[in-house]
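Reviewing the structure listed below.
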Amino acid sequence: MKPSEFEYHAPTTIDDAVRLLGTLEDARVLAGGQSLMPMMNFRYLMTTHLIDLNGVDALTRIEERNGRLHIGAMARQRDIELSPLVTQRAPLIRDAYQLVSHKQIRNRGTLGGSLCQLDPSSEQPCFTAALDGVLTIARHEDGAVATRELPMSDWALMYMTPALEEGELLTGISLDIWPAGHGYAFEEFARRHGDYAIVGVAALCTADAHGRLDRVSLTVCGVAPGPVRMHEVETALRGRPMDEDALRIAGDAARELDVMTDAHVSTDYRQHLAGVLTERALKTAFSRVATKS
Amino acid sequence: MDISDLKGAAAGDMRYIGKRVARTEDSKLLKGQGSYVDDVHLPNMLQAAVLRSPHAHAKIVSIDCTAARALNGVHAVYTHADLSGRARGRAPSMLPNPAIRFERTQELLASTEVTFAGEAVAFVVADTRYIAEDACGLIEVEYDTLPAVADCRDGLLPDSPLCHTDAKDNIVAHIEMGFGDIDAAFTDAPHVVEETYWQNRGSAHPMETRGYIAEYHPTNGELTVWSSGQAPHHEKKNLVELLEWDAEKLRVLMNDVGGGFGPKLPFYPEEGLVAIAAVALKRPVKWIEDRREHFLSVTQERDQWWTVRMALDTDGKIRGVKLEMVHDNGAFLPWGIITPYISITTTPGPYVIPAMGAKLDVVYTNKCATSPVRGAGRPQAVFAMERILDKAARALGMDRAELRWRNLIQPEQMPYDAGFIYRDGSPLRYDSGDYPACQKAALERANYTGFAERKAKARSEGRFVGIGMASFVEGTGMGPFEGATVRVQANGRVVVITGASPQGQGHKTTFAQICAEQLNVPLETIDVITGDTGGISMGVGTFASRVTVNAGNSVYIAAQAVRDKMFTLAAHLWKCATDDLVLIDGHVARRSGVEQRFSYAQLAKISQGMPGFTMPAGLTAGLEETKYFSPAQSTYCNGTAVVELEVDRETGHISILNYVMAHDSGKLINPMIVDGQVIGSVAHGIGNATLEWMQYDENAQPTTTNFGEYLLPMATDVPNVDVVHLETPSPLNPLGVKGAGEGGTIPAAAAIIAAIEDALSEYGVEFTEAPLVPQRVFEKLKAAGAYAR
Amino acid sequence: METRTVRVVVNGTAYEREVEPRRMLGDFLRHDLDLTGTHYGCEHGVCGACTVLIDGRTARACLTLAAQMDGHTLTTVEGLAGADGTLNALQKAFAECHALQCGFCTPGMLMTLTELLNETDSPTEAEIREAITGNLCRCTGYQPIVAAALLAAQRIREQRAAAPAAQATE
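Keeping their order, the protein sequence lines are chains H, P and Y.
Heads up, the first sequence is in the numbering used here, so the first residue is 1 and it goes up one at a time.
Heads up, the second sequence is in the numbering used here, so the first residue is 1001 and it goes up one at a time.
Heads up, the third sequence is in the numbering used here, so the first residue is 2001 and it goes up one at a time.
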């Protein structure tokens, strides 16, 4: 299983990467390669030009700016997972990465690559949506780099197709930072350790001094082309105590989600899992909320 | 934990036999210095790729290779039209059987009709594999698709499409066999239980795929073939016939092989194709299979459908069993009908069954062929029988272990005629084994009696745990023979040459142990050569858990013969009695205090001939002997698995809490290696039970063709296995050994599915399939109202 | 087709080669550098037989282009034993625990466990099993591999305790 022929380009700056992508006919970018290379080895995907982004250091930064967490599209998943800043500001991400594939994949794979691959079962689009991610997209225009921003909620056009125009490059992701002591959890059901989630749920919450839910973020993956934020449930839970009733409200809503069906997993089972995992994730998130004295 | 804590049988005052000797194979493998077929680099070597049919069933209308042949770096493109002589025909029939109604083996390249998706249609030889694959993309094949047989049960229907358009139906064989008075067994039977079972078993997926290299030496007309296979002499036979080659000038070598487990045993077209190309192009040709090709074209075991009826008395004694089985054969017969045949004859198991009636349908389907995969049809038989016993226990209100206990064959009944007659006319006869002791050992180790309490406690915590058991009897060490040459060389080193061909079983260490024990030399002075048709003229191969029995015993006998020869020669030279001689540290010495010693090296030189020296009467030249061991029949090993596990009721996911495997494979030459085989084979069983499912759609298109879709057990899926060894020596061979490579696989699915059913017993759900996937557990629980809120 | 220059250090030795852009790292190691210890089991990134260390971190050689390795440092299984061929602590533990049978997955297993033992000196059984989920084995059932990793970790700890100034084995 060997790839077909292509021309190889290895830019070292964002400018060069964007220019190449904007000017070459039939070009793909190579990020971590953990999803792209299998497809090229199988020859499911063939391309005339391959633009290797692994030399563009400017795309690998992980930093906090203006109250948001900024992660470059080429930051390695393993680096994000181990980043003290991320662990401190967004512990949900570290939890999620424990479930993502295997270390050999995370050592090379990138957050940007995962978001562009947009597998419905993937954990990374899920936590990006949970944290109200905003994506920075660059393109080559009039000899310079132009950028636009897109909320994660608008990212998934359809099955494995993100809202990237021809010649556009995802350069960075910014994420909400929740206050210290917030509750968080990532629960999923996968057949084996590290497998893609059949269904996964990311939960975040804060509570007031009386233990009543203040802010909730609830996102389900594996049920639709893109991760599904359960906004109605988030609203319904506001002001409620962190109890069994709250879990049941969320679980029931998840069971009613419009879910996709495929040859391997039935609608029934997917909805059932969505309900079970929503309750489990919220329960864990509740338990992690630091009680205010 | 440390694997050396695992219990193994120690052996008296032996130096090597029965000892956990570290393997001689390991050092170079650990350094990445193995010699697997793709590691072999020959000067001027070319690389090949295969173009395969995308359709499960189609007529080939035309093939245009013009563009492919014109591609820079391509040396040859072959289709069936380019083959000549015997190579245009089908692979030889290796296991004929009068029951086979329509025998079809594969062509090297499809001529007019392709009958499974993945069948080889063209063969490209180029400078690199990359270019060869480019060329495959340029070959234009026009197909007329035909309806495909996708389900073996549908293949039996009168209006079914034909798998092979020139056949009259899809039946490979229909066999009825039985013993005892089956009608009487069911007449007025107090209890009759019936159930239908389905099992899918995929393929073994050794980590190394197949691969072959052929090199032709025009100066002397010799053809050398390197193969990642299991039986070099078998492969040689096929090549000799297909290439119409002088058998003296064809050598097949199997160096390091990265796992086999059965599917690397049959002859495959690509091996013939690399040889043909190498001869035509006068350059070595290498073809390495990739994993996708492995999914498409390597043999599997796939689907079997069983309907079982068991009649019992009020005390739980089995009166008789009727069963019907339909077996998905795939499109070809690379290994006869062995797998389904073994399935049927395994059904009696360790139980006294007075009467059985079996009907077997082996059906052609438009999928790749089936042939034995680790367990070789026995896991399915054990599944059907052990599950019906559980059902019977429920019907009788009896404990599952107690029901089995009452029906076990007792040790004093050995040798025991299990009832079936083999196709060679001889009865299925268990030679030895203590089945009650084995069941007892497994249950005790698993603390079966304490389980009810553990289950209740877990349930009070909202957890669902269950326990399951299954026992099996397995024919091992089948003949016809295996041979060994033991030779003491002039430098004193000992070489052992055998036709057996390992894929990880540690043959070299085991045979060295056997030889070292007989010749009283350190293990390091022995070199073992396996997998070389040039080394020994006849061999059968490594499969069916037969090598320790066949090759091990032939090494034993040959080593003894060499030992006797040394004594005879020394006695002749010293003019003393052979009784007066001993072997000490590579020397033959006098017992009686006379200081006389011959080193083995000296004796070897003498025996290789000195002009003027007269050989003692009756002694052949050389300090070497070649012996073939032919067993009178298979020798039967047995075991019992007891599995305790937890089911997540919400998701259907299982976690194994405790896995006990009691196993009796007779005398153990190297308990460490046997432990490895038992634990490794349990992992295959776990895969069969809950993970591995080779799926095809209604057009017989494979839908699970990579490791993301077809799930193999990972390190987090296989628990620590608690192995209990029993040793009932085999009376059928001098070493007392039995085979050990498949025992862990055979009862696994039965025990695991039984445990899942037990965990969910309060819902009354029954599971009759393997693999049992979480969604299926959910569906049954939902139907039983488990999730009602 | 333009070739790319690859200057790479593998197991301490510097190599410079010209490669086709699509040449995979596994093929480069096995056939261009004659380091056949790294094996291909699937070529789609699941089985782990091709695991190597790139700049000290595990990666799949079947998913990496050789051209990408220009300027990088690799370790393969051939780099584990001593210069005189002495097996290192992990390799010795594998032999003692019968943690290999056919040996085909073994190089990948060794590289993954090397990374684990570099990161933590007291891995638990659960951590070891989790670490090697990216390496499939069809022969051993994993249990002896886990035993070997625990044994090696213990010996390395003992070695370090006995001679804290000495370099830990890689």
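Cβ atoms here follow ideal geometry from the backbone N, Cα and C, with glycine treated the same way.
A quick note: this is a predicted structure, and the numbers were derived from the prediction, not measured.
Of the residues assessed, V1308 of chain P falls on the buried side of the cut-off, its CB having 16 or more other CB atoms within 10 angstroms.
For T2013 of chain Y, the secondary structure class from DSSP, reduced to helix, strand or coil, is strand. Within chain P, the C-beta atoms nearer than 7 Å to that of I2132 of chain Y come from A1715, in chain order. Taking a 10 Å sphere around the C-beta of T1705 of chain P, we find 16 or more other C-beta atoms and assign the residue as buried. Taking a Cβ-Cβ cut-off of 9 Å, A129 of chain H has no neighbours in chain P, whose nearest Cβ is about 23 Å from it. The beta carbon of V1488 of chain P is closer than 6 Å to those of V1494, Y1600, A1604 and L1623 in its chain, skipping five residues each way along the sequence. The alpha-carbon separation between T47 of chain H and A1058 of chain P amounts to approximately 31 Å.
In the displayed model, L1603 of chain P falls within a helix according to three-state DSSP. If you look at V1037 of chain P, you'll find it isn't in any beta strand (DSSP E); DSSP assigns it neither H nor E.
Near chain P, meaning a CB-to-CB distance below 9 Å, the residues of the stretch 2136 to 2150 of chain Y are L2136, C2137, R2138, C2139, T2140, G2141, Y2142, Q2143, P2144, I2145, V2146, A2147, A2148 and L2150. Of the candidates Y:V2146, Y:E2018 and Y:G2141, Y:E2018 places its Cα closest to the Cα of L2033 of chain Y.
Look at the beta carbons and you see the stretch 1039 to 1052 of chain P not touching the stretch 1535 to 1550 of chain P: under three pairs across the two are nearer than 8 Å.
Sixteen is the threshold: when 16 or more other Cβ atoms of the shown chains lie within 10 Å of the Cβ of L1223 of chain P, as they do, the residue is buried.
Between I1353 of chain P and G1320 of chain P, the CB-CB gap stays under 8 Å. Linking E7 of chain H to P2021 of chain Y through their CA atoms gives a straight-line distance of about 7 Å.
Restricting attention to P:L1156, P:D1290, P:T1145 and P:T1196, the CA atom closest to the CA of R1210 of chain P is found in P:D1290. Under the three-state reduction of DSSP, K1367 of chain P is assigned to coil, being neither helix nor strand.
Using a Cβ-Cβ cut-off of 7 Å, L273 of chain H is close to T1651 of chain P, given in chain order.
The residues C1637, K1738 and A1740, in chain order, have a CB closer than 6 Å to that of S1665 of chain P in the same chain once the five nearest residues on each side in sequence are set aside. According to the DSSP assignment, P2107 of chain Y belongs to the alpha helix (DSSP H) that extends over T2106 to E2119. Annotation: E2115 of chain Y to D1303 of chain P spans about 41 Å, alpha carbon to alpha carbon.
Taking 8 Å as the cut-off, the beta carbon of D2070 of chain Y is found closer than this to the beta carbon of V2008 of chain Y.
In this structure, the beta-carbon distance from L1645 of chain P to V1465 of chain P falls below 8 Å.
Not flagged as an interface residue toward chain H: L1071 of chain P, since no C-beta distance is shorter than 8 Å. The Cβ-Cβ distance between I1388 of chain P and K1286 of chain P does not fall below 8 Å. One alpha carbon belongs to F1261 of chain P, the other to A1204 of chain P, and they sit about 6 Å apart. Measuring C-alpha to C-alpha distances from V1149 of chain P to each of P:I1171, P:L1138, P:E1133 and P:L1296 identifies P:I1171 as the nearest. Every unbroken stretch of the beta strand (DSSP E) spanning 3 or more residues and falling wholly within the stretch 1568 to 1596 of chain P is given here in chain order: 1581 to 1584 and 1587 to 1590. Contact of F1778 of chain P with chain H is assigned, a C-beta pair being separated by under 8 Å.
For D1127 of chain P, there are no neighbours in chain H by C-beta distance under 7 Å, as the nearest C-beta there is about 13 Å away. By the neighbour-count definition (other C-beta atoms within 10 Å, threshold 16), P1190 of chain P is an exposed residue. When DSSP assignments are scanned along the stretch 1728 to 1778 of chain P, the uninterrupted stretches of alpha helix (DSSP H) that are 4 or more residues long and fall wholly within it turn out to be 1748 to 1759. Taking the C-beta atoms as reference points, N1220 of chain P is found no nearer than 8 Å to F1267 of chain P.
Cβ neighbours of G1349 of chain P within its own chain (closer than 7 Å, five residues either side excluded): V1382, M1385, S1471, F1472 and V1473. Contacts between Y97 of chain H and chain P, judged by CB atoms closer than 9 Å, are missing: the closest CB pair is about 17 Å apart. Listed as beta-bridge partners of R229 of chain H by DSSP are H:T219.
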